[in-house]
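Take the position in the sequence shown, starting the count at 1, then add 2; the result is the number in the working numbering. By construction, the Cβ of each residue, glycine as well, lies at the ideal position given by its N, Cα and C atoms. From a predicted model like this one, the values you see are computed outputs, not experimental measurements. Structure first, commentary second.
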Amino acid sequence: MAWSELEIEIEGGTIAARAWGPPDGRPVLCLHGWLDNAASFETLVPALASRSGPHRFVAIDLPGHGHSSHRAAGASYLFIDAVADVAAVRHALGWSRCVLMGHSLGAAIACCLAGAEPDRAQAVIAIEGLGPMTDDPAQAPTRLAAALEEARSKRGKQPPVHPDLEAAATRLAQGVMRLSLPAARILCARGLAAVDGGVRWRADPRLRWQSRLRLTEPQVIAFLSAIVAPVLFVRAQEGFFFVDGEPLRQRMDCIRALSTVSLPGTHHLHLDAPEPVADAIAGFLAGS
């Protein structure tokens, strides 16, 4: 079996996606991390499909990422709007309920959507993420001021041009996420567009701008506490996590049916080393 390409129309634009598995399989919506794309699940889904089934996996490019539409001029990429976009995708697919599987940002989106609409989530698989980054309420004015200034200074600027895919993949692999070069090549193959002089990331440059507003920790706790579906939290032993220590323990404690697994690997372990991740997820899905 191979991936098939999809285009999903929602209010505000077109969502590009890739599908794997029979159309009548158990629906699983796959959500990638910040600045990644649907190819984030290139290796995990086939490994998972061979262990469980039948499932219909649909991995989307979030708005502004990959081949999906960018937001309109003047718009921003607030986290909560991405949650609404994913809900719209699920509706457009005709899925009244589905499994939500996300990595990093995608895991945060999955958790909040499962809390907002608990009767529509069959299960949640959160890889290297358990809710979004947060702010203290007192930081809101300063954050908004900085975001407005950044938008004024960066509006209209384009990302750099790389000589070719290999150069872009090498640069990506050298980043803080410690992505392997083979995994970086996979993301680059979907995420780059040919331009004069080489290749450039398709992602909307505004995705790199800081958010105008973040949720607070009590709000995230409220979303997580509202989840009724079983949740699998997959952590990498050498991962890159934005929330840790006591805040993470509080998030874990408020989820009603939480299973956790810690596996060897770095932040993109599902792409770099999918077999152990697939084993853990297959076992979880079999019981949920």
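query: Near Pro276, which residues of its chain fall below 7 angstroms by C-beta distance, leaving aside the five closest residues on each side in sequence?
result: Cβ within range, chain order: Thr45, Leu46 and Ala49.
- prompt: Are there 16 or more other CB atoms within 10 angstroms of the CB of Asp121, so buried, or fewer, so exposed?
  reply: With fewer than 16 other Cβ atoms within 10 Å, it is exposed.
- prompt: Looking at the structure shown, is Glu168 part of a helix, part of a strand, or coil, going by DSSP?
  reply: It is helical.
- prompt: Quick one: what's Ala21 bridged to in DSSP?
  reply: In DSSP, Ala21 forms a bridge with Ser6 and Val60.
Classification of Glu130 by the beta-carbon crowding that lies within 10 angstroms, buried from 16 upward: Burial call: buried.
message: Which residue marks the beginning of the beta strand (DSSP E) containing Leu102, and which one marks its end?
response: Taken as a continuous stretch (DSSP letters only), the beta strand (DSSP E) holding Leu102 covers Cys100 to His105.
task: Name the residue from Cys114, Thr136 and Ala228 whose alpha carbon lies nearest to the alpha carbon of Phe243.
output: Scanning Cys114, Thr136 and Ala228 for the CA closest to the CA of Phe243 turns up Thr136.
- request: Could you tell me the distance, in whole angstroms, from the CA atom of Leu217 to the CA atom of Thr144?
  value: Here the alpha carbon of Leu217 sits roughly 14 angstroms from the alpha carbon of Thr144.
- request: Return the first residue and the last residue of the alpha helix (DSSP H) that Val230 is part of.
  value: Note, Val230: premise wrong, no alpha helix (DSSP H); not H, not E.
- prompt: Based on the DSSP secondary-structure assignment, which residues constitute the bridge partners of Leu265?
  reply: In DSSP, Leu265 forms a bridge with Ala238.
- request: Please report how far the alpha carbon of Ser6 lies from the alpha carbon of His34, in whole angstroms.
  value: Each residue's alpha carbon lies about 17 angstroms from the other.
query: Taking the alpha carbon of Leu95 as the point to measure from, which residue in Ala18, Pro184, Leu146 and His105 has its own alpha carbon closest?
result: Among Ala18, Pro184, Leu146 and His105, the Cα nearest to that of Leu95 belongs to Ala18.
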